[in-house]
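*Asks:* The structure follows.
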Amino acid sequence: MLVTLSRPQARRLAVASQGFGQRPAKATVVRIAKLAARIHAFQIDSVNVLARAHYVPAFARLGPYPMQALDALAYSKRELFEYWGHAACLMPIALYPLVRYRMHSDETREYMRSTSGSYMAKVYAEVAERGPISAGELADPGKRSKGWWSWWGTGNGKASLEHLYDAGLVAIAGRRGFERLYDIAERVIPKSALDAPAPAREDAMKALICLAAKACGVGTLGDISSYFYTDAWHDRSPRVPRWERSTGPDGKRSKPIAKRLVSELVEEKRLLPARVDGWKEAAYLYPNAKVPKTIDARALVTPFDSLVWERRRIERLFGMKYSIELYTPASKRVYGYYVFPFLLGDTLVGRCDLKANRQRSVLMVQSAFLEPGQNARRVAPHLADELRLMQSWLELDRIEVAPRGGLAAPLRRSLTKSRTGGRLGST
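The opening position of the sequence shown corresponds to residue 15 in the working numbering, with each subsequent residue numbered one higher.
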């Protein structure tokens with residue numbers, strides 16, 4: 015059965031499937047855990063312009079919450095764990111068996127028994143004895159080679175720890191600031207997850223694709239296979255750095271199999287074929303997916319939010335051409351350094367370059383742009399309210415709006431009229 019959706023229906027389904035909608039009166043730990051189980055991953059990134067990336071998606075969907083609640087779920091309650099999902103992510107512990115096929119721990123143990131793996135073996139033994147520890151706390155941290163791409167080597171402590179982490183032999187026990195603390199997996203991952211049977215590789219990949227389809231609502235092959243980068247984890251070896259995770263030990267790229275797996279999932283009726291008006295590619299739908307009639311959503315979406323992971327999908331769904339310009343030279347940036355799309359209802363209606371200046375206790379709106387076809391009088395008051403909410407969550411004293419962008423002036427007027435608290439600054 016082919017399901018046909020209009021583009022507005024696809025948008026509403028996508029936004030709802032990502033957990034946006036009516037916010038609860040209080041964002042409790044239980045609600046955060048339920049959200050994690052719904053979207054499956056909070057991406058972790060080192061950029062700290064506003065707040066660490068993994069904290070923002072829960073705020074966007076649930077409203078203000080104490081950030082330590084997410085830390086507690088991961089590092090105290092052990093209901094979330096750090097591993098490679100879409101990228102480095104916090105994921106529900108229920109997914110641990112599904113990513114075991116990526117770890118190749120047996121090959122790593124064999125490598126450590128070899129002469130070339132002796133340094134890594136010493137690192138592992140030290141973590142077992144002293145963990146949790148940071149890379150800098152190793153007795154022999156080794157020397158980092160010149161250049162990012164040459165850091166892999168038998169004498170580099172950080173690289174060895176990272177491979178042991180990739181292999182599932184060590185895990186992230188916590189963080190000191192943003193610095194990872196490593197410990198052996200048996201002391202971090204709950205025994206129930208460690209002992210759970212690990213599905214065969216293709217079965218695990220199918221399960222991840224189904225979870226991705228459910229989180230996307232509706233998506234193309236690329237959308238649902240890239241959610242967990244399912245095709246990028248075929249072969250691993252201690253001799254193959256993480257950035258070459260789609261190549262095998264022989265240096266050849268692994269043959270993608272997601273297309274075949276999706277076809278099999280359709281045959282098994284675990285996915286439904288779909289067509290979205292205006293989309294050139296075929297789409298897929300999770301069975302029993304329901305399109306809501308309306309969506310009451312309002313959120314500033316971090317560049318690392320799962321709603322906007324796939325840039326081509328954003329353009330297909332919302333008509334927004336979006337890229338993370340923090341990787342773009344300043345002279346070539348169009349919208350700013352750390353730009354948040356603004357979701358209102360089922361549409362991305364604008365974007366803001368945001369920064370938290372903690373020394374001055376200011377939420378800085380360094381630019382504010384309206385999307386084509388949107389009405390500034392409608393958008394600006396909603397954006398002002400969301401910025402006030404974010405200001406409160408980040409415990410900042412005021413908001414400053416720079417004059418850059420067509421939405422900046424209407425936003426400033428709306429903030430001036432706002433009575434929800436805080437003071438409006440000027441630049």
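By construction, the Cβ of each residue, glycine as well, lies at the ideal position given by its N, Cα and C atoms.
1) His118 CB to nearest chain D CB: under 8 Å?
2) How big is the Cα-Cα spacing for Leu222 and Asp245?
3) Could you spell out the range, first to last residue, of the alpha helix (DSSP H) harbouring Met81?
4) What is the DSSP secondary structure of Lys431, reduced to helix, strand or coil?
5) Quick one: give me the first and last residue of the beta strand (DSSP E) that Thr506 is part of.
6) Three-state secondary structure (DSSP) at Pro287?
7) With a CB to CB cut of under 7 Å and the five nearest residues on each side skipped, what residues in its chain are close to Arg330?
8) What span of residues does the beta strand (DSSP E) with Phe354 cover, start to end?
9) Taking the C-alpha atoms as reference points, what is the distance between Leu16 and Val305?
10) Extract the residue ranges of the alpha helix (DSSP H) inside the segment 370-395, only unbroken runs of 4 or more that lie entirely within it.
11) Residue range of the beta strand (DSSP E) that Leu19 falls in?
12) Check whether the segment 209-218 touches the segment 78-90, taking contact to mean three or more Cβ pairs, one atom from each stretch, closer than 8 Å.
13) Could you tell me the boundaries of the beta strand (DSSP E) in which Leu331 lies?
14) Tell me, which residues are paired with Asp23 by DSSP?
15) So what's Glu400 in DSSP terms, helix, strand or just coil?
16) Out of Pro111, Leu314, Ala272, state which residue places its alpha-carbon closest to the alpha-carbon of His396.
17) I want to know whether the segment 40-59 touches the segment 91-103 - three or more CB-CB distances under 8 Å.
18) Is it the case that the segment 138-146 contacts the segment 172-189, given that we only count it when at least three CB pairs across the two stretches are under 8 Å?
19) Buried or exposed: where does Tyr341 fall if 16 or more other Cβ atoms within 10 Å of its Cβ makes it buried?
*Replies:* In short:
1) Here there is only one protein chain, and chain D is not present.
2) Here the question's residue 222 lines up with position 208 in the sequence shown. Here the question's residue 245 lines up with position 231 in the sequence shown. If I take the Cα positions, the gap works out to 11 Å.
3) Here residue 81 corresponds to residue number 67 of the sequence shown, with the count starting at 1. Here the alpha helix (DSSP H) through Met81 covers 81-89.
4) The residue labelled residue 431 in the question sits at position 417 within the sequence shown. Of the three classes helix, strand and coil, the one that applies to Lys431 here is helix, per DSSP.
5) For residue 506 there is no data in the structure shown, the boundaries of the chain being 15 and 441.
6) Taking the first residue of the sequence shown as position 1, residue 287 is located at position 273. In the structure shown, Pro287 sits in a strand (DSSP, three-state: E or B).
7) If you number the sequence shown from 1, residue 330 lands on position 316. Excluding residues within five positions, the ones whose Cβ falls inside 7 Å are Trp293.
8) Start at 1 with the first residue of the sequence shown, and residue 354 comes out as number 340. Here the beta strand (DSSP E) through Phe354 covers 353-358.
9) Translated into positions along the sequence shown, residue 16 becomes position 2. Translated into positions along the sequence shown, residue 305 becomes position 291. The alpha-carbon atoms of Leu16 and Val305 are separated by roughly 15 Å.
10) none
11) The residue you call residue 19 lines up with position 5 of the sequence shown. It spans 17-19 - the beta strand (DSSP E) in which Leu19 sits, taken as one unbroken run.
12) no
13) Working through the sequence shown from its first residue, we reach residue 331 at position 317. Leu331 -> not in any beta strand (DSSP E); alpha helix (DSSP H) instead, spanning 325-332.
14) Within the sequence shown, numbered from 1, the residue matching residue 23 stands at position 9. Here residue 23 is Gln; the residue named in the question, Asp, does not match the sequence. Answer is none; Gln23 lacks a bridge partner.
15) In the sequence shown, residue 400 corresponds to position 386, counting from 1. Correct three-state label for Glu400: helix.
16) Indexing the sequence shown from 1 puts residue 396 at position 382. Nearest C-alpha to His396: Leu314.
17) yes
18) yes
19) In the sequence shown, counting from the first residue as 1, residue 341 sits at position 327. Tyr341 comes out exposed.
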